[in-house]
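K.L.:
This is the structure I have questions about; it appears just below.
There are 2 protein chains.
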Amino acid sequence: MCELLGMSANTPTDICFSFSGLMQRGGRTGPHSDGWGIVFYEGAGVREFRDPHPSCESEIARLVRNYPIKSDIVISHIRQANAGRVSLENTHPFTREFWGRNWTFAHNGQLKGIKKKELCYYRPVGTTDSEYAFCWLMCKLRERFPKPPARPATLQRYIHTLALELRELGVFNMLLTDSKHLYCFCSTKLSWITRKAPFEKATLKDDSLSVDFKKVTTENDIVTVVATEPLTTNESWNIMKPGELIVFREGQVEYHKE
Amino acid sequence: MCELLGMSANTPTDICFSFSGLMQRGGRTGPHSDGWGIVFYEGAGVREFRDPHPSCESEIARLVRNYPIKSDIVISHIRQANAGRVSLENTHPFTREFWGRNWTFAHNGQLKGIKKKELCYYRPVGTTDSEYAFCWLMCKLRERFPKPPARPATLQRYIHTLALELRELGVFNMLLTDSKHLYCFCSTKLSWITRKAPFEKATLKDDSLSVDFKKVTTENDIVTVVATEPLTTNESWNIMKPGELIVFREGQVEYHKE
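Okay, here's the thing in C-alpha cells:
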C-alpha cells in the first residue's frame, strides 16, 4: 500500500526527520517503489519535489532529506502502483488552484468505478484513480462554494461528506490542504502525533536516526505529523478510526468528525 | 529585467548547460536576484524547482545544475521584482491545468492596469502582474475553446491575438507551454537557436563552461533553446521581432506569425 506523510505546524518547520523514515519505506524497508512526491507550503506558495524513481535511490529525495526546507504545511506520498502506470504525471501529491489558493492532495487506496463519476472544472492529467478522485472532489467543492463560506466548519463538514462518498468505492485514506488547513481522512489506516513543549527525543522505526526535538524547537512550537503508520518507536501516536476526519490548523485540531 | 529560458526538443534533453548561464545572471553577472524557477516536462508530467532566494546562492539551483533531468520542454525564469513582493508564490513559472494538461507560463515585463481585466475560472495565488496575466490568458482560452480545436493553428492564432492585447499594457515577453508546444512571444526582447546535426562546441557568456554538443547528442536530435538574450558567445542566435509569435513543437517551428 502507498504511504502518506503530512505536517501542520504553527511555525515554519522542517520535515527531514520524518521524511527520512518515509524515504526508507520507498524500497529499503518497504515495498513502495513506484515514485514519490512532496509538497511544501510557505504561506500561499508551494515548492514541490517528485520523482517516478524509488525514493531510496532518488537524488532529489536526498536533497529534500538534507536541505531543511522550513514549511507550515507538508504533504508527501510514496506510491505503490496499482491502477495507472508508473510515470511522472501519476506521482502524488496533486495540486489545483481554487479560490486563488493552491490545493494539494494525496491518497492511498484503490477506488472501483471512480471514473464513472462526472467531472466539470478540473480534469486529471495522469491516469490514476487518485487524481481522478481529487478532481471530482474539487469539482464538487467548486460547484457548492464559488467563494469561501463564512464559516470554515461548513466547508469541513462538506469535505467529510465527500470523503465518505469516495470511501464507498474502496479505500480512501486522504491528505488534503487548502494552504491553511490540513484535512486528514481515515478510511482504513492513518495516525498522527502532536509534538509540543516539553519536547523529547524520538527514534525512527525505518532508519537509525534519532532527534532530540528539545534542541531544535522553541517552547511555543506546535507541530503535528500525520502518517499512514506511526514513524517512531518510542512515542504515542493517535490511531484514527475508519470514517474519521480531522482538520488541523497551525498544528492544532480545528475540526473533528467521526 | 527578468530573464527567460525555454527549451523544446524532439528527444529528452537536459538543460544544465544553458541553465548554468542563466543561473549566473541571478546575482553574479546580472542584477536579477528576487527568485527563480524552472519547470521540466516529461511527457504530460511536470517537475518544478523554485526558490525565492538568488539563483547564484541557491542549493536547489545547484541540484538542477548538476543533476541532468532529461526533458522535452522546459520553461525557466529569473525574477527581478518590480510589482509584487519577493515570495515563493510570486516566483515564475506558473502552472494551471486545462484540458487535462499542465500549462506553464513565464513572463518578463510589466503590465499597467492588468488587474482591471476580468477573470473567471483561474485566479492568481500571488500578487504579480505576470500571474494575473497568465490567469486572464487561460480564462480567455477556456471560454473560447472548451475542448482542443481540431486544428492547432486556430489556437495558436488566438494566443497571438491575446498576446498582442497584453502587449498594449506594457512589456510582454512570454514563454507558454501546453506540454506539447512551446509558445514564444516577443514584445521587446527574445531570441532562439536550434541545434541539430552537425553539432558543434558552444561557450557560455556568463560562465566559463563550454560544451561540445557532438559528444552528448545523436544525429537525429533537434533542440531549440529560447532566451531573453543569447546565452553563448560563438553561435548565431535568431533575434525575434516585437509582436512576433513562434510556436515550437519537438524543437521545430510549427507556427510563426509577426
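Those protein sequence lines, which keep their order, are chains W and L. First residue of the first sequence: 63, per the numbering used here; consecutive thereafter. First residue of the second sequence: 63, per the numbering used here; consecutive thereafter. Yeah, the Cβ is synthetic: ideal placement off N, Cα and C, and Gly gets one too.
1) In chain order, what residues of the segment 193-212 of chain L put their CB closer than 8 Å to some CB of chain W?
2) From lysine 242/L to threonine 75/L, what does the alpha carbon distance come to, in whole angstroms?
3) If the criterion is Cβ atoms closer than 7 Å, does the pair threonine 290/L and glutamate 65/L meet it?
4) In the DSSP assignment, what are the bridge partners of leucine 271/L?
5) Got a sec? Which residues, its chain only, sit under 7 Å from valine 126/W by beta carbon, not counting five neighbours each side?
6) Near phenylalanine 310/L, what residues of its chain come up, given a Cβ to Cβ distance below 6 Å and the 5 sequence neighbours on each side ignored?
7) Cβ closer than 8 Å: which chain L residues qualify as neighbours of valine 233/W?
8) By Cβ distance, which residues of its chain are closer than 6 Å to phenylalanine 247/L, with the 5 residues on each side in sequence left out?
9) Which chain L residues sit within Cβ distance under 9 Å of valine 187/W?
10) Nearest chain W C-beta to leucine 150/L closer than 7 Å, yes or no?
11) Do you know how far the Cα of glutamate 205/L is from the Cα of leucine 293/W?
12) Spatial neighbours of lysine 303/W within its chain, please: C-beta separation below 8 Å, excluding the five flanking residues on both sides.
13) Between the Cα of proline 208/L and the Cα atoms of Arg163/L, Lys179/L, Ile176/L, Thr250/L, which residue gives the shortest distance?
14) Would you verify that the beta carbon of leucine 181/L is, or is not, closer than 7 Å to some beta carbon of chain W?
15) Does DSSP classify glutamine 172/W as helix, strand or coil?
16) Between Lys177/W, Arg257/W, Met85/W, which lies nearest to aspartate 268/W when the distance is taken from Cα to Cα?
17) Kindly indicate the opening and closing residues of the beta strand (DSSP E) around threonine 255/W.
18) Going by other Cβ atoms of all chains shown within 10 Å of its Cβ, with 16 needed for buried, is glutamate 159/L buried or exposed?
19) Have a look at glutamate 312/W and threonine 190/W and give me their C-alpha separation to the nearest angstrom.
20) Please compile the residues from chain L whose C-beta is within a distance smaller than 7 Å of the C-beta of arginine 112/W.
21) Would you kindly check if the distance between the Cβ of leucine 199/W and the Cβ of glycine 83/W is under 7 Å?
22) Using beta carbons (cut-off 7 Å, strictly below), is leucine 125/W in contact with chain L?
23) Taking tryptophan 161/L as the reference, which of Glu316/L, Lys276/L, Asp240/L has the closest Cα?
24) Tell me cysteine 246/W's beta-bridge partners as DSSP assigns them.
25) If valine 233/L sits next to threonine 256/L, beta carbons under 8 Å apart, how far is it from one beta carbon to the other, in whole angstroms?
26) Looking at the structure shown, is tryptophan 198/W part of a helix, part of a strand, or coil, going by DSSP?
27) Run through chain A and tell me which residues come within less than 7 Å of glutamate 121/L, C-beta to C-beta.
28) If you draw a straight line from the C-alpha of valine 288/L to the C-alpha of asparagine 300/L, how long is it?
29) Could you spell out where the alpha helix (DSSP H) holding arginine 124/L opens and where it closes?
30) Pop quiz: tryptophan 98/L and arginine 141/L are said to be a contact at Cβ under 8 Å. What is the actual Cβ separation, rounded to whole angstroms?
31) Just verifying my parser: in three-state terms, what is the DSSP assignment at leucine 266/W?
32) Could you tell me the alpha carbon to alpha carbon distance between leucine 181/L and leucine 228/L, rounded to whole angstroms?
33) For glycine 83/W, name the three-state secondary structure that DSSP assigns.
34) If you draw a straight line from the C-alpha of isoleucine 284/W to the C-alpha of histidine 139/W, how long is it?
35) Which whole-angstrom value is the C-beta distance of tyrosine 184/W and cysteine 201/W, which I expect to be below 8 Å?
P.N.:
So, from the data block:
1) none
2) On the second sequence, residue 242/L is found 180 positions in, with the first residue counted as 1. On the second sequence, residue 75/L is found 13 positions in, with the first residue counted as 1. Between lysine 242/L and threonine 75/L, the C-alpha separation is close to 15 Å.
3) As a working mapping, residue 290/L is identified with position 228 in the second sequence. As a working mapping, residue 65/L is identified with position 3 in the second sequence. Cβ distance < 7 Å, so threonine 290/L and glutamate 65/L count as in contact.
4) Within the second sequence, numbered from 1, the residue matching residue 271/L stands at position 209. Leucine 271/L pairs with nothing; no bridge assigned.
5) Residue 126/W sits at position 64 when you count from the first residue of the first sequence. By the criterion of a C-beta distance shorter than 7 Å, valine 126/W is surrounded in its chain by Phe81, Ile100, Phe111, once the five residues flanking it on both sides are discounted.
6) Residue numbering aside, residue 310/L sits at position 248 when the second sequence is read from its first letter. Cβ neighbours of phenylalanine 310/L beyond the five flanking positions: Ser70, Leu244, Thr286.
7) Counting from 1 along the first sequence, the entry for residue 233/W is found at position 171. In chain order: nothing, as chain L lies at least about 24 Å away.
8) The residue labelled residue 247/L in the question sits at position 185 within the second sequence. Answer for phenylalanine 247/L: Ala225, Met236, Leu307, listed in chain order.
9) Counted from its first residue, the first sequence places residue 187/W at position 125. Those are Ala106, Gly107, Val108, Glu159, Gly162, Arg163, Asn164, Ser241, listed as they occur along chain L.
10) For the purposes of this step, residue 150/L is taken as the residue at position 88 of the second sequence. True, the Cβ-Cβ gap to chain W drops below 7 Å.
11) Locating residue 293/W in the first sequence gives position 231, where the first residue counts as 1. Locating residue 205/L in the second sequence gives position 143, where the first residue counts as 1. Using only the alpha carbons, I get a separation of about 47 Å.
12) For the purposes of this step, residue 303/W is taken as residue 241 along the first sequence, with counting starting at 1. So the qualifying residues of the chain are Cys248, Glu320.
13) Along the second sequence, read from residue 1 onward, the residue named residue 208/L stands at position 146. When each option's Cα is compared against that of proline 208/L, the closest is Arg163/L.
14) Looking up residue 181/L in the second sequence gives position 119. Chain W, which has no Cβ nearer than 7 Å to the Cβ of leucine 181/L, makes this no.
15) By 1-based counting over the first sequence, the position of residue 172/W is 110. Residue state, collapsed to three classes: coil.
16) Within the first sequence, numbered from 1, the residue matching residue 268/W stands at position 206. Nearest C-alpha to aspartate 268/W: Met85/W.
17) For the purposes of this step, residue 255/W is identified with residue 193 of the first sequence, where counting begins at 1. In the sequence on display, residue 255/W carries isoleucine and not threonine. Unbroken beta strand (DSSP E) run through isoleucine 255/W: 253-258.
18) One-based indexing of the second sequence puts residue 159/L at position 97. Glutamate 159/L comes out buried.
19) Stepping through the first sequence from its first residue, residue 312/W is reached at position 250. Stepping through the first sequence from its first residue, residue 190/W is reached at position 128. Rounded to the nearest angstrom, the two C-alpha atoms are 31 Å apart.
20) Residue 112/W sits at position 50 when you count from the first residue of the first sequence. Those are Arg109, listed as they occur along chain L.
21) To locate residue 83/W, count along the first sequence from 1; it is residue 21. To locate residue 199/W, count along the first sequence from 1; it is residue 137. No, the Cβ-Cβ distance between glycine 83/W and leucine 199/W is not below 7 Å.
22) Position 63 of the first sequence, counting from 1, holds the residue named residue 125/W. Residue-level contact by beta carbon holds for leucine 125/W and chain L, with a gap shorter than 7 Å.
23) Within the second sequence, residue 161/L is the residue found at index 99, counting from 1. For the residues Glu316/L, Lys276/L, Asp240/L, the minimum Cα distance to tryptophan 161/L belongs to Asp240/L.
24) Locating residue 246/W in the first sequence gives position 184, where the first residue counts as 1. Cysteine 246/W pairs with Leu237/W, Ile308/W.
25) The residue labelled residue 233/L in the question sits at position 171 within the second sequence. The residue labelled residue 256/L in the question sits at position 194 within the second sequence. Not confirmed; about 25 Å, so no contact.
26) One-based indexing of the first sequence puts residue 198/W at position 136. Helix at tryptophan 198/W.
27) Here chain A cannot be found, since the structure's protein chains are W and L.
28) Sequence index remark: in the second sequence, residue 288/L carries index 226 (1-based). Sequence index remark: in the second sequence, residue 300/L carries index 238 (1-based). Between valine 288/L and asparagine 300/L, the C-alpha separation is close to 9 Å.
29) By 1-based counting over the second sequence, the position of residue 124/L is 62. Arginine 124/L -> alpha helix (DSSP H) spans 121-128.
30) Within the second sequence, numbered from 1, the residue matching residue 98/L stands at position 36. Within the second sequence, numbered from 1, the residue matching residue 141/L stands at position 79. Sure, about 7 Å apart at Cβ, within 8 Å.
31) Working through the first sequence from its first residue, we reach residue 266/W at position 204. DSSP places leucine 266/W in strand when its eight states are reduced to three.
32) Start at 1 with the first residue of the second sequence, and residue 181/L comes out as number 119. Start at 1 with the first residue of the second sequence, and residue 228/L comes out as number 166. If you take the alpha carbons of leucine 181/L and leucine 228/L, they lie about 14 Å apart.
33) In the first sequence, the residue the question calls residue 83/W occupies position 21. DSSP places glycine 83/W in helix when its eight states are reduced to three.
34) For the purposes of this step, residue 284/W is identified with residue 222 of the first sequence, where counting begins at 1. For the purposes of this step, residue 139/W is identified with residue 77 of the first sequence, where counting begins at 1. Taking the straight line from one Cα to the other gives about 22 Å.
35) Walking along the first sequence from the start, residue 184/W turns up at place 122. Walking along the first sequence from the start, residue 201/W turns up at place 139. About 6 Å separates the two Cβ atoms, so the contact holds.
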